[in-house]
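First residue of the sequence shown? That's 19 in our numbering, and the numbers climb one at a time after it. All C-beta atoms, glycine included, are put in the ideal place defined by N, C-alpha and C. None of these values were measured; they are calculated from a predicted model. Worksheet: the structure to be examined is printed underneath.
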Amino acid sequence: MLISKVKDSVENEYFYVWQVAELLYSQTEGNWEDVAQFLGYYDFETKLPLYKCDYCYRITEASDKKSIRKFIDLLNSFLPFDSEEKSKKVVISAKVAVSMDLWRKQDIYNFQPIMDLGIIEKPQTNIVQENSLDKLKAELQEKDAEIELLRQSQSTQQNNLLNQILDDQHPFYALDLARAIQLWKHAYIESAKEDSHTNKANLWIVKNTNYDVNKSSGSRLREITTPLKDWNPQRTK
19 MLISKVKDSV ENEYFYVWQV AELLYSQTEG NWEDVAQFLG YYDFETKLPL
69 YKCDYCYRIT EASDKKSIRK FIDLLNSFLP FDSEEKSKKV VISAKVAVSM
119 DLWRKQDIYN FQPIMDLGII EKPQTNIVQE NSLDKLKAEL QEKDAEIELL
169 RQSQSTQQNN LLNQILDDQH PFYALDLARA IQLWKHAYIE SAKEDSHTNK
219 ANLWIVKNTN YDVNKSSGSR LREITTPLKD WNPQRTK
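Encoded structure:
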């Protein structure tokens, strides 16, 4: 059938109201009034969202639940002296009143009054899905913890690298590299003073080294630490 998947979806997700009524009837001694009283006492009319299914199996939530009230009233209208034929007509009328009415299975599973009767079993698939969700949450938390450890590890590695560069006892200590890092850190992290790079660099070089700012040693440090945005257009990148 062309819409077999649609029909299957409806059957998987919804109970027809009449289906539920028949399950309730199976727990009585052939008494539809018991069913009506149960539905009325536990207020099925207002407690459960109602859905309508048209002839094309399109589902919409119903804003008007009068059909449920009519259904309950019909099932509660039997009289002791009614003939069997009349009783059958009442049942048929009640069934017709809710022929296109549906309740979501999930709503039924969460409605304790009917689940306490034990006539409807909540599918194990829901339990599996809940367990899977819990498992997924646990896995995500574990991954988050691993990511945080990785970040901390990377931060430690970066700090270790910087410490090695600045360690003047390291066998491969590079003096100008260490000084360039210290100069840049002072000029752009520690100092809030607004000034040109040249002035910032020259002041630091004079104060912290024996380099002459007008010679190649001082010029080299100044050039190395110049931010890219301040490079001379003719400078090779």
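DSSP on Leu-180, reduced to helix/strand/coil?
On the sequence shown, residue 180 is found 162 positions in, with the first residue counted as 1. Here Leu-180 sits in helix by DSSP.
Let's test the definition: count the other Cβ atoms within 10 Å of the Cβ of Val-53 and tell me whether it reaches 16, buried, or not, exposed.
Against the sequence shown, residue 53 aligns to sequence position 35. The residue in question, Val-53, is buried, as its Cβ has 16 or more Cβ neighbours within 10 Å.
How big is the Cα-Cα spacing for Asn-181 and Glu-160?
Sequence index remark: in the sequence shown, residue 181 carries index 163 (1-based). Sequence index remark: in the sequence shown, residue 160 carries index 142 (1-based). Rounded to the nearest angstrom, the two C-alpha atoms are 31 Å apart.
With 16 other Cβ atoms within 10 Å as the buried cut-off, status of Ala-219:
By 1-based counting over the sequence shown, the position of residue 219 is 201. With 16 or more other Cβ atoms within 10 Å, it is buried.
Looking only at its own chain, which residues have a Cβ that is under 6 Å from the Cβ of Met-118, when we skip the five neighbours before and after it?
Taking the first residue of the sequence shown as 1, we reach residue 118 at position 100. Only Lys-70, Cys-71 meet the Cβ criterion.
Kindly give me the distance between the Cβ atoms of Phe-96 and Ser-105, rounded to whole angstroms, as I take these residues to be in contact under 8 Å.
Against the sequence shown, residue 96 aligns to sequence position 78. Against the sequence shown, residue 105 aligns to sequence position 87. Right, the Cβ-Cβ distance comes to about 6 Å (below 8 Å), so this counts as a contact.
Which one of Lys-247, Asn-228, Ile-138, Ser-214 has the shortest CA to CA distance from Arg-197?
Translated into the one-based positions of the sequence shown, residue 197 becomes position 179. Among Lys-247, Asn-228, Ile-138, Ser-214, the Cα nearest to that of Arg-197 is on Asn-228.
Cβ distance (whole Å) where Leu-246 is taken to contact Leu-201 below 8 Å
Counting from one through the sequence shown, the residue named residue 246 turns up at place 228. Counting from one through the sequence shown, the residue named residue 201 turns up at place 183. Incorrect: roughly 16 Å between the Cβ atoms, too far for contact.
Out of Asp-61, Leu-221, Phe-33, Val-28, which one is the CA nearest neighbour of Cys-74?
As a first step, residue 74 is located in the sequence shown; it is residue number 56 there, counting from the start. Among Asp-61, Leu-221, Phe-33, Val-28, the Cα nearest to that of Cys-74 is on Val-28.
Between the CA atoms of Ser-150 and Glu-164 - distance to the nearest angstrom
The residue you call residue 164 lines up with position 146 of the sequence shown. The residue you call residue 150 lines up with position 132 of the sequence shown. Cα-Cα distance, rounded: 21 Å.
Whole-number beta carbon distance between Trp-121 and Tyr-32, since they are thought to touch under 8 Å:
Position 14 of the sequence shown, counted from the first residue, corresponds to residue 32. Position 103 of the sequence shown, counted from the first residue, corresponds to residue 121. At roughly 7 Å, the Cβ-Cβ gap stays under 8 Å, so Tyr-32 and Trp-121 are in contact.
In terms of residue numbering, what span does the alpha helix (DSSP H) encompassing Leu-92 cover?
Counting from 1 along the sequence shown, the entry for residue 92 is found at position 74. Start and end: 84-93.
Counting along the chain, where does the alpha helix (DSSP H) carrying Tyr-127 start and finish?
Taking the sequence shown and counting its residues from 1, one reaches residue 127 at position 109. It spans 123-127 - the alpha helix (DSSP H) in which Tyr-127 sits, taken as one unbroken run.
Flag this pair as yes or no: are the beta carbons of Ile-126 and Val-35 separated by less than 8 Å?
Start at 1 with the first residue of the sequence shown, and residue 126 comes out as number 108. Start at 1 with the first residue of the sequence shown, and residue 35 comes out as number 17. Not a contact, by the Cβ cut-off of 8 Å.
Can you grab the Cα-Cα spacing for the pair Pro-67 / Ile-132, in whole Å?
Mapped onto the sequence shown, residue 67 falls at position 49. Mapped onto the sequence shown, residue 132 falls at position 114. For Pro-67 and Ile-132, the distance between alpha carbons rounds to 15 Å.
Using 10 angstroms around the beta-carbon of Thr-46, count the other beta-carbons present and answer buried if the total reaches 16, otherwise exposed.
For this step, residue 46 is matched to residue 28 along the sequence shown. Residue burial is scored here from C-beta neighbours: Thr-46 has fewer than 16 other C-beta atoms within 10 angstroms and is therefore classed as exposed.
Where are the alpha helix (DSSP H) runs, 4 residues long or more, that stay fully inside the segment 166-246, in chain order?
The alpha helix (DSSP H) runs of length 4 or more contained entirely in the segment 166-246 are, from start to end of the chain, 193-203, 215-226, 234-242.
Can you pull the DSSP bridge partners for Asp-119?
Here residue 119 is taken as the residue at index 101 of the sequence shown, counted from 1. Asp-119 is bridged to Lys-70.
In whole angstroms, what is the alpha-carbon distance linking Glu-262 and Ile-90?
This structure does not reach residue 262, given that the chain is present from 19 up to 255, and the question cannot be answered.
So the beta strand (DSSP E) Val-59 belongs to, where does it begin and stop?
Walking along the sequence shown from the start, residue 59 turns up at place 41. According to the sequence provided, residue 59 is Tyr. The question's Val does not apply to it. Tyr-59 -> not in any beta strand (DSSP E); alpha helix (DSSP H) instead, spanning 50-59.
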